[in-house]
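Residue numbers (my numbering): 57 to 199.
Where a beta carbon is used, it is the ideal one built from N, C-alpha and C, also for glycine.
Computed from a predicted model, the values in this text were never measured in an experiment.
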Ligand SMILES: [Zn+2]
C-alpha cells in the first residue's frame with residue numbers, strides 16, 4: 057500500500073476517456089499530471105482538444121507541476137451524485153505554469169474558513185475508488 061492508497065477519495069463516478077482526454081488519464085495512470093499543449097505554437101488547452109485551436113497543429117500532453125492558485129470553489133451540501141459524504145468542496149485551480157488554464161477537482165482536507173480565491177494550492181494524484189483511475193485532488197498546503 058502506498059501513501060496515495062491511504063488517501064483514497066470516496067466513491068465517485070468513473071471518468072470515460074474519449075480520444076481528446078485519453079492522454080490526460082494515461083498520464084495520471086503513470087503518476088503524472090499533464091495538460092494538452094500544441095506542439096507547434098505551445099498553446100495550452102484544457103479541456104484537451106484533438107488539434108490546436110490556434111493553429112490546428114498536433115497536440116501532446118505536457119507534464120505540469122500542479123502548483124497554482126484557487127480560482128473558485130463551491131461547497132456541496134446536498135448529495136446529487138454518488139460521492140463522498142456532504143459537505144465537501146469542489147475547486148478550480150489556475151495552474152502557475154499555464155496562466156488561464158484551469159483544472160477542477162475535489163478539495164481535500166481544507167478548513168472551509170481557509171478557502172479564498174487566490175490562495176496557493178497544489179494538485180495531488182490519488183486513486184479514485186470504485187475503479188482504476190488516478191484523479192487530481194486539490195490540496196491546500198498547511199504551513
Ligand atoms: Zn498551435
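query, result
"Beta-carbon within less than 8 Å of residue 114's beta-carbon, same chain only, minus the 5 sequence neighbours each way: which residues are those?", "94, 95, 96, 107 and 108"
"For residue 125, list the residues DSSP reports as bridge partners.", "150 and 176"
"Taking the beta strand (DSSP E) that residue 90 falls in, what are its first and last residues?", "90-94"
"Look up residue 158 in the DSSP assignment and give the residues it is bridged to.", "150"
"When burial is assigned at 16 or more other CB atoms within 10 Å of the CB, is residue 167 buried or exposed?", "exposed"
"By the three-class DSSP mapping on this structure, what secondary structure does residue 71 have?", "coil"
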